[in-house]
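What follows is the structure, given as structure tokens:
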């Protein structure tokens, strides 16, 4: 079989394994959906976001938090899921055994990348369904918005997956993987405009968050799902679509280099 054919077989295997792990399903697949429900219900008493002084206009809390939850889902699916999963496979000897088989490294990574893309698409579909059906969120109707969503999603999920693979080299053992990776992911969510309005953060914290990809993925998703009037609320006064592409591409290249330098079937100290 060719590397691509083996890669397709690995995708099917990885997806089946993913949905057999209850903790993975909750903390990476369902977590953004749960958080959307919590924020939408908990803050609905505050009224609509961006409403005029007379109470007219604005959007619901669910509509306001939807872009952030989509961005968080992309980060969880790529960075957290792969970093923890691969670190555990290194620790329990799975990668060592695979290294002794004819499976090409390319096929292995095709399987991981395919699993991330497949599960994240399902996750976003579920998020949009819950937002539209349960909370009545109006989704974009113009093709331009969905084309923008497509390229931001594609660039964001590939970058997140590559960074997850690179980060898998950081934990010393599989048992320590969650303790190392989850705090990083959680902090990024709080400073990147996922749970808190980005423009309310101190300038120095905004500058730190701007160094990382999640801030730009979340900003891109806001440009897709929030009304145009919310663009003025961004610290720069615009969606900065060009900068979103540039920053994510820089992180993608950096992640690829890190993967090339750090990935091995077994740890150096094994």
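In full-length UniProt numbering, the protein residues as written are 1 to 270. Think of the CB as a built atom: it goes at the ideal place given N, C-alpha and C, for glycine as much as any other residue.
Selection 85, 184, 44 evaluated against residue 214 yields 184 as nearest (Cα-Cα).
Judged by beta-carbon spacing, residue 107 lies within the 8 Å limit of residue 3, meaning their Cβ atoms are closer than that value. Cβ atoms of residue 123 and residue 18 stay farther apart than 8 Å, at about 11 Å. Take the alpha-carbon of residue 252 and the one of residue 211: they are about 13 Å apart. Residue 120 holds the alpha-carbon nearest to the alpha-carbon of residue 31 among 86, 120, 96. Rounded to the nearest whole angstrom, the CA to CA distance from residue 218 to residue 36 is 14 Å. A contact between stretches requires three or more CB pairs, one per stretch, nearer than 8 Å, and the stretch 152-161 fails this requirement with the stretch 191-208. Here residue 10 is near residue 111, since their CB atoms are less than 8 Å apart. When rounded, the separation of the alpha-carbon atoms in residue 231 and residue 221 is 12 Å. Of the other Cβ atoms in all chains shown, fewer than 16 fall within 10 Å of the Cβ of residue 101; this residue is therefore exposed. Using a Cβ-Cβ distance cut-off of 8 Å, the stretch 224-240 and the stretch 135-145 are in contact, since at least three pairs of beta carbons, one from each stretch, lie closer than that value.
For residue 81, the closest of 118, 96, 244 by C-alpha to C-alpha distance is 118.
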